[in-house]
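What follows is one structure encoded as structure tokens, with my remarks underneath.
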Amino acid sequence: MRLLLVEDDDHVAAALSAVLSRHGFTVTHARSGEEALRALLPDAAPPFGVVLLDLGLPDQDGFEVCGRIRKRTGTPVIMVTARADTRSKIHGLNLGADDYVVKPYDTGELLARIHAVARRRPPAAQGGPEQPGDTSPPPLRLGPLSIELPTRRVTVDGVTVPLTRKEFDLLALLAQRPGVVFRREQIISEVWRTSWEGTGRTLEVHIASLRSKLRMPALIETVRGVGYKIMLPAA
Numbered sequence: 001m002r003l004l005l006v007e008d009d010d011h012v013a014a015a016l017s018a019v020l021s022r023h024g025f026t027v028t029h030a031r032s033g034e035e036a037l038r039a040l041l042p043d044a045a046p047p048f049g050v051v052l053l054d055l056g057l058p059d060q061d062g063f064e065v066c067g068r069i070r071k072r073t074g075t076p077v078i079m080v081t082a083r084a085d086t087r088s089k090i091h092g093l094n095l096g097a098d099d100y101v102v103k104p105y106d107t108g109e110l111l112a113r114i115h116a117v118a119r120r121r122p123p124a125a126q127g128g129p130e131q132p133g134d135t136s137p138p139p140l141r142l143g144p145l146s147i148e149l150p151t152r153r154v155t156v157d158g159v160t161v162p163l164t165r166k167e168f169d170l171l172a173l174l175a176q177r178p179g180v181v182f183r184r185e186q187i188i189s190e191v192w193r194t195s196w197e198g199t200g201r202t203l204e205v206h207i208a209s210l211r212s213k214l215r216m217p218a219l220i221e222t223v224r225g226v227g228y229k230i231m232l233p234a235a
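Under UniProt numbering, the very last position in the sequence shown is 235; numbers go up by exactly one each time.
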């Protein structure tokens, strides 16, 4: 996987690049926001799998860079920064960052988060607009339900069902492993990137909303005391 590391401190970048390279990543280092944006141009290079974005850049704030990245590409962005306050985390995630890691961090955790956000983005969605000859993964199909991951389009019996970003992320997570029970804590961590405390009611509301919008109340089963699973439609 190719990674774009956006970090103005050469010493930090060199150390992290060495670690990432040992784990099989090909790292491109950008020292400023503009350099990062140039690297993400569709015709500049093969697409990046993930962007690791520091917020303290010399030419512009990392939040601004994240917003500009999100307007031009669906490449996953992980903010890696010393800003540990909750307000900054919320702001970054609202701008479209896929994850937020606070320095100093455990290298193993960072690697796990890189793999986690990369799994949630199919290859066709990682490099911006599709190019001629691109192949997209087939839709996930569960009876009348169809889920197109690259376009984030959901249909039931061919009719598009409008979902919020979190509703789609929740549905896609469950649908990729039908019949498997996802613990509540696991869902909150994967979809909301936070801990279970204080978020349980939000999950219940989103489950209820999905059941209503899809008009398939039996599709998502509650496993009492554990979590939720997608029911396999009857043959």
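C-beta atoms are modelled at their ideal positions from N, C-alpha and C, and glycine is treated no differently. All values derive from a computational prediction rather than experimental measurement.
### Message
What does the alpha-carbon distance come out to for the pair I187 and V101?
### Response
19 Å
#### Entry: Euclidean distance between Cα positions of R165 and L173
The alpha-carbon of R165 is positioned some 12 Å away from that of L173.
### Query
How many Å lie between L16 and R22 at the Cα?
10 Å
### Query
Anyone know if the C-beta pair for M79 and G67 falls short of 7 Å?
no
### Message
Counting beta carbon pairs with one atom in the stretch 3-14 and one in the stretch 48-56, are three or more of them shorter than 8 Å?
### Response
yes
#### Entry: Nearest-angstrom beta carbon gap, I230 and P150 [assumed within contact, 8 Å]
That pair is no contact at about 20 Å.
### Query
When DSSP labels each residue in this structure, what does E64 get in the three-state scheme?
helix
### Secondary structure of T151, DSSP reduced to three states
coil
#### Entry: DSSP three-state assignment for A82, whether helix, strand or coil
coil
#### Entry: Length of the line joining the Cα atoms of P162 and R141
17 Å
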